[in-house]
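J.: Have a look at this one before I ask anything.
Number of protein chains: 2
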Amino acid sequence: MDNSTNFIAKLRNSGLRPTKQRLKICEVLFSGKNTFHFSINELSKIIIQKTNEKISLATIYNTVHAFLGKGYIKQIAVNSEQSYYDTNVSEHHHFYDEDKNQLIDIHDSEVEPVKINRKIPGKKIKSIELLVKLQNS
Amino acid sequence: MDNSTNFIAKLRNSGLRPTKQRLKICEVLFSGKNTFHFSINELSKIIIQKTNEKISLATIYNTVHAFLGKGYIKQIAVNSEQSYYDTNVSEHHHFYDEDKNQLIDIHDSEVEPVKINRKIPGKKIKSIELLVKLQNS
DNA sequence: TTCTAGATTATAACTATTCTAAAGTAATAA
DNA sequence: TTATTACTTTAGAATAGTTATAATCTAGAA
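If you want it as structure tokens, here you go:
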């Protein structure tokens, strides 16, 4: 059973039709051994590099939103210029290098777990994001 | 010595000309006893409410950038739809209520201090932002 | 094979933000 | 004061990221 078979099942199981485009995006996002961060534009370029074919921006946006909804990827709040996404959906934190415009994972062992001693009535915590902005020293 | 005198001195001391618009924005941002969060659009509306006059969006953007540069306010990374700013420049963290689109301060006593046990060569930490996203429970 | 709901696409539209260049104003010096 | 100059404000144009639209296409079911 190769990767593409896996992706077909993965998509079907979560109620998404395994279209050519979605499979291609799965390949790009989930075939490598490492997780990574990307913006929509970067993803578009990676797709062209790796597959020599272009997927329309609209479809990339649609697919990224669908994958977000299914929890395949997550969004990272960095700044308001563009959205960043992460193929690592486990709870973890980030350095953001403002000069290189680059996100770097912070591993659990590198930071004390964040503990919030306050509750907001009627609300539950959806996510905890820690962003450590870096500048040249 | 009233507020506006203070703001004139404040602006002059940091090398910004105390123009009518900048003074007005100072009033709106720094006269109240509480700090608060705002987007550019919200600020524009508050100015109109409080002074019955409109300041052009370009000037508001300019001024907010100038004030950011001088450290009068700080920016908060919430999402990529728009920028949020905070008149409380001390290091503290936030809840973000995604349903109400509202930021809520987390006080120091409500969270353990964040400690990062990792250094990135050639970089220094510029800021540590913790954002706790909330949803209806 | 046919049908249909869902998917893809190019492109238009929209929103937040930045740029431009003309007109206005604060600070300085005479 | 007045004149000069550099900085500021402004409307509106331009740009970038994202979302909406509507026509075409396709996966999956009948």
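Those sequence lines, one after another, are chains A and B. Read left to right, the first sequence gives residues 903 to 1039 (the working numbering). Read left to right, the second sequence gives residues 903 to 1039 (the working numbering). We put the beta carbon where it would ideally sit given N, CA and C, even for glycine. The model shown is predicted, which means the values in this text are computed figures rather than measured ones.
If you draw a straight line from the C-alpha of K912 of chain B to the C-alpha of K922 of chain B, how long is it?
T.: Here residue 912 of chain B refers to the residue found at position 10 when the second sequence is read from its first residue. Here residue 922 of chain B refers to the residue found at position 20 when the second sequence is read from its first residue. Cα to Cα, K912 of chain B sits roughly 14 Å from K922 of chain B.
J.: For a contact defined as C-beta to C-beta under 7 Å, what are the partners of F940 of chain B on chain A?
T.: As a first step, residue 940 of chain B must be located in the second sequence, where it is residue number 38. Within 7 Å Cβ-Cβ: nothing; F940 of chain B doesn't reach chain A, min ~14 Å.
J.: Considering only their Cβ atoms, is the gap separating I910 of chain A from L925 of chain A smaller than 8 Å?
T.: Taking the first sequence and counting its residues from 1, the one referred to as residue 925 of chain A is at position 23. Taking the first sequence and counting its residues from 1, the one referred to as residue 910 of chain A is at position 8. It is a contact, given that the beta carbons lie within the stated cut-off.
J.: Using C-beta distances below 6 Å, list every residue in its chain close to L1032 of chain A, excluding the 5 sequence neighbours before and after it, in chain order.
T.: Within the first sequence, residue 1032 of chain A is the residue found at index 130, counting from 1. Cβ within range, chain order: H995.
J.: Please state whether DSSP places H1009 of chain B in a helix, a strand or coil.
T.: On the second sequence, residue 1009 of chain B is found 107 positions in, with the first residue counted as 1. If DSSP states are grouped into helix, strand and coil, H1009 of chain B belongs with coil.
J.: Taking C-alpha atoms, which residue in B:D988, B:L959, B:V1034, B:E955 lies nearest to I1022 of chain A?
T.: The count along the first sequence starts at 1 and reaches residue 1022 of chain A at position 120. Out of B:D988, B:L959, B:V1034, B:E955, B:V1034 has the C-alpha closest to the C-alpha of I1022 of chain A.
J.: Shorter than 8 Å from the beta carbon of E1012 of chain A to some beta carbon of chain B?
T.: One-based indexing of the first sequence puts residue 1012 of chain A at position 110. For E1012 of chain A, the answer is yes, since a Cβ of chain B falls inside 8 Å of its Cβ.
J.: How about S946 of chain A and I927 of chain A: do their beta carbons lie closer than 8 Å?
T.: Walking along the first sequence from the start, residue 946 of chain A turns up at place 44. Walking along the first sequence from the start, residue 927 of chain A turns up at place 25. Cβ atoms of S946 of chain A and I927 of chain A: not closer than 8 Å.
J.: Verify the CB distance criterion: does E1031 of chain A have a CB-CB separation below 8 Å to chain B?
T.: Indexing the first sequence from 1 puts residue 1031 of chain A at position 129. Output row for E1031 of chain A: interface = yes.
J.: Run the CB neighbour count on L1036 of chain B, radius 10 Å, all protein chains shown included, and call it buried at 16 or more, exposed below.
T.: On the second sequence, residue 1036 of chain B is found 134 positions in, with the first residue counted as 1. L1036 of chain B should be labelled buried.
J.: Taking only beta-carbon positions, decide if A979 of chain A is within less than 8 Å of chain B.
T.: Against the first sequence, residue 979 of chain A aligns to sequence position 77. Chain B contact via Cβ: present.
J.: Between which two residues does the alpha helix (DSSP H) harbouring F938 of chain B extend?
T.: Position 36 of the second sequence holds residue 938 of chain B. Counting along the chain, F938 of chain B falls outside any alpha helix (DSSP H), and DSSP gives it neither H nor E.
J.: Could you give the first and the last residue of the continuous beta strand (DSSP E) run that contains E929 of chain B?
T.: Here residue 929 of chain B refers to the residue found at position 27 when the second sequence is read from its first residue. Taken as a continuous stretch (DSSP letters only), E929 of chain B belongs to no beta strand (DSSP E), being part of the alpha helix (DSSP H) at 922-932.
J.: Select from B:I949, B:K1017, B:N990 the residue whose C-alpha is nearest the C-alpha of L970 of chain B.
T.: By one-based count along the second sequence, residue 970 of chain B stands at place 68. It is B:N990 whose Cα lies nearest to the Cα of L970 of chain B.
J.: Report yes if the C-beta distance between S941 of chain A and Q977 of chain A is below 8 Å; otherwise report no.
T.: Counted from its first residue, the first sequence places residue 941 of chain A at position 39. Counted from its first residue, the first sequence places residue 977 of chain A at position 75. Not a contact, by the Cβ cut-off of 8 Å.
J.: Under the assumption that I1095 of chain A contacts I949 of chain A (Cβ atoms under 8 Å), give the Cβ distance between them as a whole number of angstroms.
T.: This structure gives no information on residue 1095 of chain A, because the portion of chain A shown stretches from 903 to 1039.
J.: Please name the residue, chosen from B:N943, B:Q951, B:E993, B:T937, that lies closest to S1011 of chain B on a Cα-to-Cα basis.
T.: For the purposes of this step, residue 1011 of chain B is taken as residue 109 along the second sequence, with counting starting at 1. The shortest Cα separation from S1011 of chain B among B:N943, B:Q951, B:E993, B:T937 belongs to B:E993.
J.: Going along chain A, which residues have a C-beta under 7 Å from F969 of chain B?
T.: Indexing the second sequence from 1 puts residue 969 of chain B at position 67. Correct list: empty, because the minimum Cβ distance to chain A is about 17 Å.
J.: Taking the alpha carbon of T965 of chain B as the point to measure from, which residue in B:N981, B:E1000, B:L918, B:D1001 has its own alpha carbon closest?
T.: The count along the second sequence starts at 1 and reaches residue 965 of chain B at position 63. Considering only alpha carbons, the answer is B:L918.
J.: On the criterion of 16 or more Cβ atoms from any shown chain inside 10 Å, does L959 of chain B qualify as buried, or is it exposed?
T.: Along the second sequence, read from residue 1 onward, the residue named residue 959 of chain B stands at position 57. Exposed is the call here.
J.: Show which residues of chain B have a CB atom less than 9 Å away from the CB atom of K1026 of chain A.
T.: The residue labelled residue 1026 of chain A in the question sits at position 124 within the first sequence. Under the 9 Å cutoff, chain B gives L1036, Q1037, N1038, S1039.
J.: For a cutoff of 8 Å on Cβ pairs, would you count N943 of chain B as touching chain A?
T.: Stepping through the second sequence from its first residue, residue 943 of chain B is reached at position 41. No - not a single Cβ of chain A is within 8 Å of the one on N943 of chain B.
J.: In terms of residue numbering, what span does the alpha helix (DSSP H) encompassing I1030 of chain A cover?
T.: Taking the first sequence and counting its residues from 1, the one referred to as residue 1030 of chain A is at position 128. Here I1030 of chain A belongs to no alpha helix (DSSP H); instead the beta strand (DSSP E) covers 1025-1038.
J.: Can you name, in chain order, every residue of its own chain whose Cβ lies under 8 Å from the Cβ of E955 of chain A, other than the five neighbours on each side?
T.: For this step, residue 955 of chain A is matched to residue 53 along the first sequence. Excluding positions up to five away in sequence, the list reads K926, I949.
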